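Chemist: Take this structure, written in structure tokens, and hold onto it; I'll ask about it next.
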Amino acid sequence: MNPTNIGAVVPAATLATRSAAAPEHTARFGAKAANLGRLLAAGYRVPPFVVVTTEACAEILAPVAEGIAQLLETLDHTDPVSLRSVSAAIRGLILGRTLPAAVVFDLDAAIAEWADGPVRLAVRSSVSGEDSATDSFAGQLDTVLNVAPEGVSRAVLEVLASAYSERSLFYRAHRGLDNFGVDCAVLVQVLVDSAVAGVVFSCNPQTGDPAESVVSAALGLGEGVVAGTVECDTYFVDNASGVIVSRTVVDKRSRVVAESGSGTTVAEIAGGSSAPALTDDRILELTRTAAALAETFGAPQDVEWAYAADGTLFLLQARPVTATGARETIFDNVNVAESYPGLSSPLTFSILRAAYEQVFRACHRDFGATGAIVDRNAASLYPYLVGTAHGRIYYNISNWYRLFLQIPGMEFAIEGWEAALNIENRYQRPAAPKRGLARLRMYALRVRVFAIIGVGWLRLPRRLRAFFTELAAFTADLDRRLDPETPERERDPEALLQWMERCLHELVPAYSVQIFNDFLAQQLFHVVGLLLERKGLGATEAITLRNELFCGEEGVDSVDPVRSALALTATIRDDAALRALFTGPLEPQAVWKTLAQSEFSAFRSDCLRHIALFGDRTVDELKLETDPLGEHPERLVPMLRNYLRGGQSIDEMAAREKAIRREAEHTADALFGDSAAERLAFRIALGRAREHVKQRENMRLGRSRSFGLVKRVFREFGNQMHAAGLLADPRDIFWLTYEEIAALTRGTAVDTDAARTVATRKHDHEQWHGTELPSRIVTTGIAAAGIDDPAFDTPISAVDASAQTVLHGIGCAPGRVEAPALVLGTPDPEVEIDGQILVAATTDPGWVFLMVAAGGLVSEKGSVLSHTAIIGRELGIPTVVGVPGVTRLVATGDRLVLDGRAGTATIVHEDES
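Numbering-wise (the numbering used here), the sequence shown opens with residue 900 and increments by one.
Shown next, in the form of structure tokens:
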């Protein structure tokens, strides 16, 4: 082969001799190929490659160019469905093409020159504008790895098709680039079978600091680092001194390797590897290389590299570092999804956002933030503790860390908070000063924090009582306002707004006592685990014993609704007529109507009393759009039928849990038996932790009742706005935000067409229902730009469970049960439950009614201190949380073995039974 610079397939040597600065150079070969040519020209080692020029690629696509253009004209880049359908159609057109014979001949000739033996190839995109300082296109176009020579033609077409992938179409449209004028070249390059590979930045990519380089490295092929599919070591190097100032070396359990046929796979490393992926000499070699490239090219560089097994360093790609210093925002739903699973209405989110603002403004002062700190954060921090993405509610985790770090001396508490909420560890506490004034200042701050916490602990019982007193006063006031005998002016829109404003500024801040109690519960719960580990238990053993020590706690108000329902069930069981009614064929609505007959009047009164006391405790109870039980009393019927069928006894459950607790206490006593002082300290920590965990649940019932009041207010608002002609249906109120409702009421709305707003949001939610979002979303710059990335909107699809048998999570409530699975997405109050293992993405406090009739529960979300875990322990129901993807790996009817002590859910396949 002897291609020249005028051919369709151009060799690397030709690019290395051309002017890299010439615009036609990048236009013809794409940015990636041009950058590789610059690396070769600068004397760096690059794997052999050729590039199929943009003209040749345009010739390949010419017969389908008109069809592509027609499809692009129909594209709505803001609509995930449109992106998917247009991308799939264009992909089909491109993959139906064949490469011209001349291109195939030149590629075959080049590959033959490289091959001393079997050769494997990487086929990559090289697009104009790609790898530039402003538009990196990182991850937007496909790279096909481990391609055999005979598969190159197909791989070239795959790469060309990826120029029109969903992500690429969205990225270009979002960045203001033309989707019609895509000039794509394709690189065909020898694949380096690397022992270790990764990325080096000549500056810190998060801060833009040119004084610090960053290296990320993993075993195997570099795809694992770029795609984030394997464990990576990270090293920070001071450029001036060449000193490695920080390193994070992880236990590497997987690596990306070439498959025997084609493509790559993530392979497990037997026994794992805790050794650093790179020696110090290699780390410094990489940072010196990156610094030299930054000097040569006049900008900070992001360089992909690979070390072959013989230690030879290859540079695979270099591009300017993009978006240096952009502010990163992390959204995570790991804990909030327990209370707000799935999609929530705009009204729910807006009230929740306002409530969090008031609660945490108050609790920041409780923990020692000065008046100046509170004022400084009033506009930029407290209003932004929660966020929303496509109808889902997330914590703005970045701002939660700011909450902690702005209280002098409070950073010590972050570890316990992360552990309690099962949040991925992000914070590394700086090393404590070893001497001098800095160390004295550290101790002084610690003393201050502990003094504040001590005073707060002493005030805690009084503040808890004060909250419930305030709640009772607001309840009585709202009852009076909504009484038909009360003058209408007491419940007109302005009066309702004023009531809501008082609620947000008086009742809601009073709830900050719950945050203080939660903090004590989280920290003491963490301390109990640490004390057990210090006595020689492994981490898993300590967690298991700790969970068992928290079983069987008395006085948990969250269980009172269940006790009440089981008491109603006992009445049914003892009364022949009631038993016949509830076991008969009538629908729940008909059963409830029958209870109005005089012979059932006493039982119906008991049911109404139960509804009055506990009607706010329902599934999805904190969503304002969820109706309380009082609006649908017939929903009590299927719940009682489940209990009647299952024969549950709260006393038997409590006895079982107390037996587990006693055994755990004996084990703990034996561990601490050699030291009276340690035993006393442990008992005090355990006792206080139990008390605060119990109060945590009791306050949650108070929260449910508070939200019940807010539901009543906005249902009345919906009726009045419907009567005024602003809403087609009173329930449309939930599609507006609190701020919009206030603006419509007081004349400050810039858009008064509420019906149009409602219609738009209903349409959005219909689309979002069919997609799922990740638990964690990381954005830079404007958050909405990252949240709207269609990569976060993936269609909900089935997953082959045959590949996995044992699923691992966090064991929260001990016990072992084998039963059929019942997968519940959005739980139906009328669902029939009789000993199945409930499988859910997440649960909320209202699930307590479903849990009682179940054999066990396993969920994707949750932590050892989540409501699910606490109630599971209290009711003696085996519970495992934090099992990734369990709702897709398990189907209703699958047989499961759930072990709440080991934290496992085992799928029993037919051939095993």
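Glycine included, each C-beta is placed from N, C-alpha and C at the ideal position. Predicted model, so just to flag it, every value in this text is computed and none were measured.
1. Might you give, ordered along the chain, the residues of its own chain that have their beta carbon closer than 6 Å to the beta carbon of Pro1252, omitting 5 neighbours on each side?
2. Where DSSP assigns a beta bridge to Gly1286, which residues make up the other side?
3. Beta strand (DSSP E) containing Tyr1410: first to last residue?
4. Candidates Arg1358, Pro1307, Asn1276, Ala1208: which alpha carbon is nearest Ala1096's?
5. What residue from Lys1593, Val951, Arg1146, Asp1108 has the CA that sits closest to Ile1182's CA?
6. Under the three-state reduction of DSSP, which class applies to Asn1045: helix, strand or coil?
7. In the DSSP assignment, the beta strand (DSSP E) including His1707 goes from what residue to what residue?
8. Output the boundary residues of the alpha helix (DSSP H) element that contains Cys1262.
9. Taking the alpha-carbon positions, what's the Phe1449 to Leu1507 distance?
10. Please confirm whether Ser1161 and Gly1050 have their CB atoms less than 7 Å apart.
11. Per DSSP, what kind of secondary structure is Thr1693 in: helix, strand or coil?
12. Where does Lys1151 fall in DSSP's three states?
13. Taking Cβ positions, are Leu1797 and Leu1608 nearer each other than 7 Å?
14. If contacts are defined as beta-carbon pairs under 8 Å, then Val1705 and Leu1721 qualify, I think. What distance do you get, rounded to the angstrom?
15. Tell me the DSSP secondary structure of Thr1163 in three-state form.
16. Around the Cβ of Ala1271, are there at least 16 other Cβ atoms within 10 angstroms (buried) or fewer (exposed)?
17. Is Ala1084 closer than 7 Å to Thr997 when the C-beta atoms are compared?
18. Helix, strand or coil for Cys1711 per DSSP?
19. So is Pro1360 buried or exposed if we call it buried at 16+ other beta carbons inside 10 Å?
20. State the Cα-Cα distance for the pair Leu1215 and Arg944, rounded to the nearest angstrom.
21. Could you give the residue range of the beta strand (DSSP E) that holds Val1490?
22. In three-state DSSP terms, what is Gly1097?
23. Using a threshold of 7 Å, state whether the C-beta atoms of Pro1460 and Phe1513 are closer than that.
24. Taking 8 Å as the limit between beta carbons, can you name the residues of its chain near Leu1403, skipping five residues before and five after?
25. Okay, do the region 1362 to 1374 and the region 1601 to 1621 touch, 3+ Cβ pairs below 8 Å being the bar?
26. In three-state DSSP terms, what is Ile1732?
27. Quickly, what does DSSP pair Gly860 with across the bridge? List them, please.
28. Compare the beta carbon distance of Asp1132 and Val1148 with 7 Å and say whether it is the shorter of the two.
29. Throw me the rounded Cβ distance for the Gly1123 and Ser1093 pair, which I believe falls under 8 Å.
30. Per DSSP, what are the beta-bridge partners of Phe1303 in this structure?
31. According to DSSP, is Cys956 part of a helix, a strand, or is it coil?
32. Can you find the residues in the same chain that come closer than 8 Å, C-beta to C-beta, to Ala1139, ignoring five residues on each side of it along the sequence?
33. Please give the ranges of any beta strand (DSSP E) in the region 929 to 1004, keeping only runs that are unbroken, at least 3 residues long and fully inside the region.
34. Between the beta-carbon of Gly1815 and the beta-carbon of Pro1777, is there less than 7 Å?
35. With DSSP as the reference, label Asp1459 as helix, strand or coil.
36. Quick check on this structure: which residue in Leu1304, Ile1640, Thr1188 has the alpha carbon closest to the alpha carbon of Asp1201?
Modeler: On the basis of the coordinates in this document:
1. Translated into positions along the sequence shown, residue 1252 becomes position 353. Per the sequence shown, the amino acid found at residue 1252 is Arg instead of Pro. Excluding sequence neighbours, Arg1252 sits near Val1285.
2. For the purposes of this step, residue 1286 is identified with residue 387 of the sequence shown, where counting begins at 1. In the DSSP output, where bridge partners are listed per residue, Gly1286 has Tyr1293.
3. Within the sequence shown, residue 1410 is the residue found at index 511, counting from 1. Here Tyr1410 belongs to no beta strand (DSSP E), and DSSP marks it neither H nor E.
4. Stepping through the sequence shown from its first residue, residue 1096 is reached at position 197. Proximity to Ala1096 across Arg1358, Pro1307, Asn1276, Ala1208 peaks at Ala1208, based on C-alpha coordinates.
5. Position 283 of the sequence shown, counted from the first residue, corresponds to residue 1182. Closest option to Ile1182, Cα to Cα, is Arg1146.
6. Locating residue 1045 in the sequence shown gives position 146, counting from the first residue. Reduced to three states, the DSSP call for Asn1045 is strand.
7. For the purposes of this step, residue 1707 is taken as residue 808 along the sequence shown, with counting starting at 1. Unbroken beta strand (DSSP E) run through His1707: 1705 to 1707.
8. Translated into positions along the sequence shown, residue 1262 becomes position 363. Where Cys1262 is concerned, the enclosing alpha helix (DSSP H) stretches over 1245 to 1265.
9. Against the sequence shown, residue 1449 aligns to sequence position 550. Against the sequence shown, residue 1507 aligns to sequence position 608. Near 33 Å, if we compare the C-alpha coordinates of Leu1507 and Phe1449.
10. The residue given as residue 1161 occupies position 262 in the sequence shown. The residue given as residue 1050 occupies position 151 in the sequence shown. Inclusion of Ser1161 and Gly1050 in the CB contact set at 7 Å is warranted, their separation being smaller than that value.
11. Residue 1693 sits at position 794 when you count from the first residue of the sequence shown. Caution is warranted here: a pLDDT of 49 is assigned to Thr1693, below 50, making its placement in the model unreliable, and the coordinate value is therefore given only provisionally. If DSSP states are grouped into helix, strand and coil, Thr1693 belongs with the strands.
12. Taking the first residue of the sequence shown as 1, we reach residue 1151 at position 252. Assigned with DSSP and collapsed to three states, Lys1151 falls in strand.
13. As a working mapping, residue 1797 is identified with position 898 in the sequence shown. As a working mapping, residue 1608 is identified with position 709 in the sequence shown. No Cβ-Cβ contact shorter than 7 Å links Leu1797 with Leu1608.
14. In the sequence shown, the residue the question calls residue 1705 occupies position 806. In the sequence shown, the residue the question calls residue 1721 occupies position 822. Wrong, their Cβ atoms sit about 20 Å apart, outside the cutoff.
15. If you number the sequence shown from 1, residue 1163 lands on position 264. Note: Thr1163 maps to strand in three-state DSSP.
16. Numbered from its first residue, the sequence shown carries residue 1271 at position 372. Under this definition Ala1271 is an exposed residue.
17. What you label residue 997 is simply residue 98 of the sequence shown in a count that begins at 1. What you label residue 1084 is simply residue 185 of the sequence shown in a count that begins at 1. Against a cut-off of 7 Å, the Cβ pair of Ala1084 and Thr997 comes out as no contact.
18. The count along the sequence shown starts at 1 and reaches residue 1711 at position 812. Three-state DSSP puts Cys1711 in a strand.
19. Start at 1 with the first residue of the sequence shown, and residue 1360 comes out as number 461. Pro1360 comes out exposed.
20. Here residue 1215 refers to the residue found at position 316 when the sequence shown is read from its first residue. Here residue 944 refers to the residue found at position 45 when the sequence shown is read from its first residue. C-alpha separation (whole angstroms): 9 Å.
21. On the sequence shown, position 591 is the one that residue 1490 refers to. Counting along the chain, Val1490 falls outside any beta strand (DSSP E), though it belongs to the alpha helix (DSSP H) covering 1487 to 1493.
22. Within the sequence shown, residue 1097 is the residue found at index 198, counting from 1. Correct three-state label for Gly1097: strand.
23. Start at 1 with the first residue of the sequence shown, and residue 1460 comes out as number 561. Start at 1 with the first residue of the sequence shown, and residue 1513 comes out as number 614. Against a cut-off of 7 Å, the Cβ pair of Phe1513 and Pro1460 comes out as a contact.
24. Here the question's residue 1403 lines up with position 504 in the sequence shown. If we look at Leu1403 and ignore the five residues flanking it on each side, its Cβ neighbours are Ala1253, Ala1254, Gln1257.
25. yes
26. Here residue 1732 is taken as the residue at index 833 of the sequence shown, counted from 1. Assignment of Ile1732 by DSSP, reduced to helix, strand and coil, places it in the coil class.
27. Look at the range of the chain in this structure, 900 to 1812, and you will see that residue 860 is not part of it.
28. The residue labelled residue 1132 in the question sits at position 233 within the sequence shown. The residue labelled residue 1148 in the question sits at position 249 within the sequence shown. Yes, the pair counts as a contact, with Cβ atoms nearer than the cut-off.
29. Mapped onto the sequence shown, residue 1123 falls at position 224. Mapped onto the sequence shown, residue 1093 falls at position 194. The pair is not a contact, with the Cβ atoms about 10 Å apart (cut-off 8 Å).
30. Walking along the sequence shown from the start, residue 1303 turns up at place 404. DSSP output for Phe1303 lists no bridge partner at all.
31. Taking the first residue of the sequence shown as position 1, residue 956 is located at position 57. Reduced to three states, the DSSP call for Cys956 is helix.
32. Residue 1139 sits at position 240 when you count from the first residue of the sequence shown. Cβ within range, chain order: Ala1110.
33. The region 929 to 1004 contains these whole beta strand (DSSP E) runs: 948 to 951.
34. Residue 1815 falls outside the range modelled here, since the chain spans only 900 to 1812, and no answer is possible.
35. As a first step, residue 1459 is located in the sequence shown; it is residue number 560 there, counting from the start. DSSP places Asp1459 in helix when its eight states are reduced to three.
36. Taking the first residue of the sequence shown as 1, we reach residue 1201 at position 302. Measuring from the Cα of Asp1201, the nearest candidate turns out to be Thr1188.
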